[in-house]
Structures are given as C-alpha cells and as structure tokens.
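Participant: One structure is given below, represented as structure tokens, and several questions about it will come after.
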Amino acid sequence: MDRIDREMVQKGVVKAYIRFVERNNISLAIFCFAFDLSRITEKALEDGIVLLQEQTDFAPLQLWKEGTLSTFMKDMHLHRCVRVVKNIQESLRKLNVEIAYGALTIIDREDDYESLMKRVERYLEEAKRSGDGKICYGTRKYDFCSEGGEEKIFSNFFTDNRKITIYNFYNGMPLSEEVEVLSYRDGILRIKTSLAKAAFLKNEPFTFFRHALLPDTVKADVLNAVPNRAEVVLTNLRFIDKSPVDRENIRVMPDETIEASIECANGERIVGEIHALAVNSIAIRLKEMESVGHCFGKDENHVVLMFDLPEREKRTTHFRVSAILRYKKDGQLIFSIYPNHFFKQKIESYIALQQTRLITIMQKMVLNFYQS
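Sequential numbering of the sequence shown, starting at 36, is according to our numbering.
Structure below.
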C-alpha cells in the first residue's frame with residue numbers, strides 16, 4: 036500500500052464510534068454538513084473551523100464526500116444536539132460562514148457502518164434538495180425530516196407501543212408512573228392512570244413522558260383529567276431538548292422562607308430567597324435583578340452563599356458554601372454549589388425531610404378526592 040485513502044480513514048473512525056456506542060450507554064451523534072463556498076473567504080472558513088472545533092468539544096473533524104465535513108457530538112440526546120447545531124449555525128453566520136445543508140443522526144446500538152452511512156447520505160440528499168441551511172435529523176427508527184414530522188413519528192409510535200412512563204414534579208420532587216395508552220388520534224393522546232395520578236394531573240398544566248424507543252423526552256399539555264375514570268387527555272405533544280427528567284439529583288422547593296446571602300467577589304452582598312435546592316445546585320430568587328450587575332463581572336461568576344437550613348426539632352445549620360453562577364432565569368440566579376461532606380449530608384437530610392412532608396401532602400390530596 037503506497038498511500039492512505041481518505042475513505043479508509045473515514046470508515047475506520049466511524050466504525051470506532053459505532054463500537055464505542057455498542058460498549059457504552061452513552062448517546063453519540065454524527066453531524067455531516069456542507070458550507071456554502073460561494074459566499075466564503077479562506078479567512079472566514081478558517082475562523083469557522085476554529086469555532087466548530089470549540090463548540091463540539093474538539094471532536095474529530097473529517098472531510099466527507101463531495102466536499103462535506105463530519106464531526107461527532109458526545110453524551111447528548113437528539114434534540115439537545117439539534118439545539119447545539121442551530122447555535123453553531125447562528126455563530127457561524129456572525130463570521131459570514133453559512134452551512135448550506137446538513138445531516139444529524141444518533142448512532143444506534145444496532146447500526147453497522149453501511150446502515151449508518153445510508154441514513155446519513157439520505158438525510159444529506161433531503162437537506163440539499165431543501166436548501167437554505169436545512170438540517171435533516173433523526174434516529175434509526177424515527178425520521179424528523181420526512182413529511183409529517185413529529186406528528187407522523189407519534190402516530191407510528193403509538194400504533195406499536197401501548198405503555199409509556201409519565202413524569203411530573205411536586206415542589207421539585209419527581210413523580211413517575213407507567214401508564215396505558217388508550218388512543219392517539221389527530222394529536223390527542225388519551226392515557227389510563229391511577230386514580231391518584233389523575234386527581235393530581237387535574238391541577239397540572241403539563242406532564243412529561245418517555246419511552247426507550249423515543250429519541251427524547253416528550254412534553255404534553257394536560258387538556259383534561261377525569262379522576263373517577265382514571266383517564267387523562269393530553270395534547271400539544273412535542274420533543275424537548277432540555278428535560279427536567281434527566282436531572283441526576285432530586286431538587287426540592289422549601290415550604291418555608293429561607294433567606295440566602297450572596298457574598299460577591301467585590302465585597303458586596305445581595306440578599307434573596309432560596310427557590311429550589313439540590314445537593315449540587317441552588318436557585319435563589321431576587322426581588323431586584325438590577326443589583327446582579329454589580330456582583331458579577333464579565334469573567335467573575337464565583338461567590339460565597341450563606342443561609343440557615345432548617346432541621347428537625349426547629350434546629351438550623353448555618354451554611355457557607357462556594358458557588359458558581361451558571362445562568363439567570365425569571366428573576367432567579369442558578370448556582371452550582373460545592374458543599375463539603377458535612378454540608379452535603381445536611382442538604383440530603385433536608386431533602387429527605389421535604390420528601391416526607393410532600394408524600395404526606397399527596398396522601399391527603401388523594402384522601403380528600405376519595406372523600407369528595
């Protein structure tokens with residue numbers, strides 16, 4: 036052999052990723068795309084490649100067929116990958132770089148090289164015909180690029196599958212139940228639940244559900260709930276790219292006011308109230324968001340949080356923990372926190388205490404329903 040063939044290298048890399056998926060329980064996607072070379076300079080292309088590498092965590096970038104490129108996206112569900120790709124498209128436009136078309140798919144455990152390439156090439160052709168930066172995406176079983184989109188996917192899915200697991204959160208505590216699908220027609224899903232769950236959902240605006248064969252978590256609006264028949268009617272089914280169902284740690288919302296003080300790097304202090312608490316994160320609600328700008332500079336997101344966490348028998352533990360601001364949302368500051376072993380145990384005890392209280396409340400709700 037006197038030279039290395041590009042397709043040989045491509046095939047070896049893709050097969051390695053397929054083998055990785057077979058051996059590990061990790062989501063992995065392949066993204067193939069083409070730049071619009073008619074409106075791009077060499078400098079802009081170079082800057083675009085740099086941006087792509089940074090935003091895909093420096094995953095391998097390969098030349099594909101007919102001038103297209105490919106890269107990989109690790110440990111993200113399909114709709115999260117779609118969101119990342121769209122963000123990349125927007126960032127590239129600021130550099131005067133346009134993606135002409137692309138294909139995105141999750142590598143399935145049952146894929147081999149030929150089946151994966153056939154799907155990628157089909158998506159590329161469909162996206163190329165559509166043009167205007169179209170990205171066709173899907174999985175081995177579900178094609179979001181075909182006519183009908185999500186509605187067709189749900190119709191096909193519920194024809195073959197009659198059980199799903201629904202999820203809700205009560206004061207942050209996750210509640211799940213496997214339910215029976217009664218019917219699905221014209222975007223309306225009817226499910227059979229327990230009497231208690233139907234009574235609970237009667238006062239909920241939405242719920243989530245999952246199934247091993249669906250590419251992501253589905254969010255659905257509660258159209259109606261009939262507790263005495265244990266039936267719930269759902270509508271507006273849609274896949275979501277960021278699901279609370281995927282949280283690794285239980286998050287609870289305090290049932291009393293817990294004041295928290297934010298000690299900024301510049302010495303200033305901001306006072307708020309704890310909205311939600313987990314072992315590794317905390318949400319603090321502020322009355323005035325204007326003061327946030329004085330606390331957090333362009334590159335300064337590290338602070339110290341102080342608060343008194345209630346325990347049993349009206350005792351409290353004073354907390355002083357290191358925290359990093361992750362994002363701002365609806366008048367709240369969301370922090371990652373790094374408690375030591377002692378503080379971590381205290382938070383876990385508080386969460387367990389809140390769970391016990393919430394279970395008692397739920398039991399009373401069900402009892403009141405039966406009595407009425």
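Backbone N, C-alpha and C define an ideal beta-carbon position, used for all residues, glycine too.
1) Out of D195, K237 and P209, state which residue places its alpha-carbon closest to the alpha-carbon of L217.
2) Leaving aside the five residues before and after E42 along the sequence, list all residues of the same chain whose C-beta is less than 7 Å from its C-beta, in chain order.
3) Report buried or exposed for K232, applying the criterion of at least 16 other Cβ atoms within 10 angstroms of its Cβ.
4) Taking the continuous alpha helix (DSSP H) assigned at I87, which residues delimit it?
5) Should the segment 119 to 128 be regarded as contacting the segment 150 to 159, the criterion being three or more beta carbon pairs within less than 8 Å?
6) Take T228 and list the residues in its own chain whose beta-carbon comes closer than 6 Å to its own, dropping the five residues that flank it on each side.
7) Would you mind reading off the limits of the alpha helix (DSSP H) that contains F235?
8) Is H310 closer than 8 Å to M288 when the C-beta atoms are compared?
9) If T174 and L113 are in contact, beta carbons under 8 Å, what's the gap, nearest whole angstrom?
10) Are there 16 or more other CB atoms within 10 angstroms of the CB of D178, so buried, or fewer, so exposed?
11) Using the three-state DSSP reduction, which class does A265 fall into: helix, strand or coil?
12) Cα-Cα, which of T103, P279 and D251 is closest to F192?
13) DSSP state of E294, grouped into three classes?
14) Evaluate contact between the segment 295 to 302 and the segment 131 to 146, counting only Cβ atoms and requiring at least three cross-stretch pairs below 8 Å.
15) With H, G and I counted as helix, E and B as strand and the rest as coil, what does DSSP make of R31?
16) Where does the unbroken beta strand (DSSP E) through C67 begin, and where does it stop?
17) Is the CB-CB distance between F70 and V120 below 8 Å?
18) How would you write the range of the beta strand (DSSP E) that E308 sits in, first residue to last?
19) Note the first and the last residue of the continuous alpha helix (DSSP H) segment covering S73.
20) So what's T242 in DSSP terms, helix, strand or just coil?
21) With a Cβ-Cβ cutoff of 8 Å, do E303 and R320 count as a contact?
22) Roughly how many angstroms lie between the CA atoms of G168 and N375, to the nearest whole one?
23) Leaving out five residues before and five after H353 in sequence, what residues of the same chain have Cβ atoms less than 7 Å from its Cβ?
24) Excluding the 5 residues flanking K109 on each side, which residues of the same chain have their C-beta closer than 6 Å to its C-beta?
25) For the beta strand (DSSP E) containing Y205, list its first residue and its last residue.
26) Return the CA-CA distance between K163 and C171, expressed in angstroms with no decimal places.
27) Can the beta-carbon of L236 be found closer than 8 Å to that of L272?
Facilitator: Taking the geometry as given:
1) D195
2) none
3) buried
4) One point to set straight first is that residue 87 is Leu, not Ile, in the sequence displayed. Residues E77 to Q90.
5) no
6) V214, A265 and V267
7) L230 to L236
8) yes
9) 6 Å
10) buried
11) coil
12) D251
13) strand
14) no
15) The structure shown has nothing for residue 31, since the chain only spans 36 to 407.
16) L63 to F70
17) no
18) R304 to L312
19) From DSSP, S73 is part of no alpha helix (DSSP H); its letter is neither H nor E.
20) strand
21) no
22) 48 Å
23) D343
24) L63
25) K198 to Y205
26) 9 Å
27) no
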